[in-house]
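Structure record follows, encoded as structure tokens.
2 protein chains.
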Amino acid sequence: MSKLGKIETGEPLADRRIDILDAAARAFMRQGFAATSLDRVSDEIGSTKGAIYYYYRSKSELFFAVHRRGMELTQAAIRPSFETPASARDRLHGMAVAHTILVIDHLPYLRVIAQGLEMHLLERTNESERAELADVAALREANENLYIRVIKDGVASGEFRSVDAKLAAKPLLGALNWTSRWYQPRPGETQAAKKRVAESIADFVVAGLEKKN
Amino acid sequence: MSKLGKIETGEPLADRRIDILDAAARAFMRQGFAATSLDRVSDEIGSTKGAIYYYYRSKSELFFAVHRRGMELTQAAIRPSFETPASARDRLHGMAVAHTILVIDHLPYLRVIAQGLEMHLLERTNESERAELADVAALREANENLYIRVIKDGVASGEFRSVDAKLAAKPLLGALNWTSRWYQPRPGETQAAKKRVAESIADFVVAGLEKKN
DNA sequence: ATGTTGCAGCCTACCGAGTAGTATGTTTGG
DNA sequence: CCAAACATACTACTCGGTAGGCTGCAACAT
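Residue numbers (our numbering), protein chains in the order written: chain X, 164 to 376; chain P, 164 to 376.
Spelled out as structure tokens, the structure:
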């Protein structure tokens, strides 16, 4: 009864892999990639390094996996609002709210990806690591592109000021991603309280682009 | 002629200390605190670890010094606009432009402080380190407070929407600090080009707070 | 029902590389 | 010639990665 969980899942081992991934995300969030030892990650789940190396081939692969999951969570969170048939203003507002609530609810993953990854492997990277890096970078770009496109839509419709969408997306993403840096989870925080924070930030970024009247 | 520079300075050794500090900022920017060895920092100035330990007592102290300088540069950059007798809107705009140009011109320091420091020393800190941490945190808070105060001024004067100034300062700072993450220095970039980026970001954060008409 | 066997899923012990900090030697300008 | 300003050599320690061993469940044979 102890070590299964792959009974009904199509992908065996998936649960254990995610347990490890969650532990890694928490550890990387607190101490960063370089300062986190795999011994501490495995401690987090009451296990040893051997367990990690059974599921992941290296520390870098584990790090990339955290990034990948964070990016996929983000894409899943913001895409619905992006695809909603509505004004650019409302779509962007919905994306920003969803994005911020995601940050609050999955802080470890989102804080890790907000820290970036290029920093950690300017050198000493082998072939497969560089491929994974490019892969994760593509996911990040895909998320950014959703924002760029909605900005362009708003400019085209006249809702937003005439800005360079690629450039304007930068402070927008900064405002959103920064939440992962200052937000501190509170034990009994209600969903309504989270929503209020998210709305406030969404209002800010939408207003930053809208025309004055 | 090689190792002086304290001839006219009130503070002896100041030049060499700053050389080391600059090298440390560049190294920390590229690889982060934990992944940067002091051997690499000293390589950066064609020296060895002994030189660093002559001027700084530990790696942590050097890291704190980088943060402190970054905070002081920021304070020096934004305070003039803050104190200008003008509308809250114009003061904030001036602060944001100055802030962004500072980021561009002193990228190593600003990127390091945008990465944060609490992360790196949750444990294993001695007494003096905790004192320095509190000190740097106070500087950070002082910078944030300038933005909070100008937001409050704008709300009071009716220029800005009725926002919670402390909360609204978060995405604002995120939008500004994020520049240190995406900006890549280009060799022949003109001052006018930098200014254009800074104006764009300043427009964004000011519009994020202003009333619609 | 009961032994037997195979292998997934770990754990343990270890190695080698890298690094913060220190102790001591060395140079050079005044 | 002496101290400031380093350089060099060394120690103690951490940590990524690996090799090999252990264990308990499961599936089959009897």
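Here a beta-carbon is modelled for each residue, glycine too, at the ideal position from N, C-alpha and C.
_Measuring only from the beta carbon, is A355/P closer than 6 angstroms to any heavy atom that is part of the ligand FAD?_
Because no ligand of any kind appears in the structure shown, any question about the ligand FAD cannot be addressed here.
Quiz item: Are the C-beta atoms of M164/P and some chain X residue less than 7 angstroms apart?
Solution: Start at 1 with the first residue of the second sequence, and residue 164/P comes out as number 1. The pLDDT assigned to M164/P is 35, lower than 50, so where the model puts this residue is not dependable; a value taken from the coordinates is nonetheless given after this. It does not: the Cβ of M164/P has no partner Cβ on chain X nearer than 7 angstroms.
Please report the Cβ distance between Q238/X and N306/X, rounded to the nearest whole angstrom; I am assuming they are in contact, meaning their Cβ atoms lie under 8 angstroms. For the purposes of this step, residue 238/X is taken as the residue at position 75 of the first sequence. For the purposes of this step, residue 306/X is taken as the residue at position 143 of the first sequence. Going by Cβ atoms, the distance from Q238/X to N306/X rounds to 6 angstroms, so yes, they are a contact pair.
* List the endpoints of the continuous alpha helix (DSSP H) containing N308/P. => As a first step, residue 308/P must be located in the second sequence, where it is residue number 145. Looking at the DSSP string, the run of the alpha helix (DSSP H) that includes N308/P is E290 to S320.
Can at least three beta-carbon pairs, one atom from the stretch 201-219 of chain X and one from the stretch 181-190 of chain X, be found at a separation below 8 angstroms?
-> Below 8 angstroms, enough C-beta pairs join the stretch 201-219 of chain X and the stretch 181-190 of chain X to call them touching: three or more.
- prompt: When the Cα atoms are used, what is the spatial distance from H262/P to L255/P?
  reply: Position 99 of the second sequence, counted from the start, is the residue given in the question as residue 262/P. Position 92 of the second sequence, counted from the start, is the residue given in the question as residue 255/P. When only Cα atoms are considered, H262/P and L255/P end up about 10 angstroms apart.
Per DSSP, what kind of secondary structure is E373/P in: helix, strand or coil?
Sequence index remark: in the second sequence, residue 373/P carries index 210 (1-based). It is a strand residue.
Worksheet entry | Enclosing alpha helix (DSSP H) for I181/P [first to last residue] | Start at 1 with the first residue of the second sequence, and residue 181/P comes out as number 18. Run containing I181/P: A177 to A198, per the alpha helix (DSSP H) assignment.
Beta carbons nearer than 7 angstroms to chain X: which residues of the stretch 178-194 of chain P have them?
Here the close residues are R193 and Q194.
Give me the chain P residues within the contact set of I364/X, using Cβ-Cβ distance strictly less than 7 angstroms, ordered along the chain.
As a working note, residue 364/X is residue 201 in the first sequence. The answer, in chain order, is P334.
What does R344/P reach in chain X if we use C-beta pairs closer than 8 angstroms? By 1-based counting over the second sequence, the position of residue 344/P is 181. Within chain X, the residues near R344/P are G279 and G337.
Cβ separation of A294/P and I311/P, assumed to be a contact under 8 angstroms, to the nearest whole Å: Residue numbering aside, residue 294/P sits at position 131 when the second sequence is read from its first letter. Residue numbering aside, residue 311/P sits at position 148 when the second sequence is read from its first letter. The beta carbons of A294/P and I311/P sit about 25 angstroms from each other, so the pair does not count as a contact at 8 angstroms.
Inset, instruction - Locate the alpha helix (DSSP H) running through L237/X, then write down its first and last residues. - result: Walking along the first sequence from the start, residue 237/X turns up at place 74. Note on residue identity: the sequence assigns Thr, not Leu, to residue 237/X. Residue range K222 to E246 is occupied by the alpha helix (DSSP H) that includes T237/X.
(Q) Here's a check: name, in chain order, each residue in its chain whose Cβ is nearer than 6 angstroms to the Cβ of A328/X, leaving out the five neighbours to either side. (A) Residue 328/X sits at position 165 when you count from the first residue of the first sequence. Once the five neighbours on either side are set aside, the close Cβ partners of A328/X are I311, I314 and K315.
Notebook entry, point to check: Exposed or buried, G337/P, counting other C-beta atoms within 10 Å across all chains shown (16 or more means buried)?
Noted result: Numbered from 1 along the second sequence, position 174 holds the residue referred to as residue 337/P. Buried.
**Prompt:** Is the shortest distance between the beta-carbon of F367/X and the beta-carbons of chain P less than 7 angstroms?
**Reply:** Here residue 367/X refers to the residue found at position 204 of the first sequence. With a threshold of 7 angstroms between beta carbons, F367/X makes contact with chain P.
(message) For D298/X, tell me which candidate among F227/X, R274/X, I183/X and D366/X has the shortest Cα-Cα distance.
(response) As a position in the first sequence, residue 298/X is number 135, starting the count at 1. Comparing alpha carbon positions, the residue from F227/X, R274/X, I183/X and D366/X closest to D298/X is F227/X.
field: Neighbourhood of L265/X by C-beta distance below 7 angstroms, restricted to the same chain and skipping five residues each side
entry: Here residue 265/X refers to the residue found at position 102 when the first sequence is read from its first residue. Within the same chain, L265/X has close Cβ partners L236, T237, A240 and L273.
*Nearest to Q354/X by CA position, among L280/X, I267/X and N340/X, is which residue?*
Here the question's residue 354/X lines up with position 191 in the first sequence. Considering only alpha carbons, the answer is I267/X.
Those residues which DSSP pairs with F323/X across a bridge = In the first sequence, the residue the question calls residue 323/X occupies position 160. Its beta-bridge partners are E373/X.
Going along chain X, which residues have a C-beta under 9 angstroms from V326/P?
As a working note, residue 326/P is residue 163 in the second sequence. S363, D366 and F367, listed in chain order.
Exercise. Out of S320/P, T288/P and A251/P, point me to the one whose CA is closest to S221/P's CA.
Key: Along the second sequence, one-based indexing puts residue 221/P at 58. Nearest of S320/P, T288/P and A251/P to S221/P, Cα basis: T288/P.
Neighbour flag for N289/P against chain X, beta carbons, 7 angstroms: By 1-based counting over the second sequence, the position of residue 289/P is 126. Residue-level contact by beta carbon fails for N289/P and chain X, as no gap is shorter than 7 angstroms.
- Which two residues bound the contiguous alpha helix (DSSP H) that contains Y217/X? Counted from its first residue, the first sequence places residue 217/X at position 54. Note, Y217/X: alpha helix (DSSP H), K212 to Y218.
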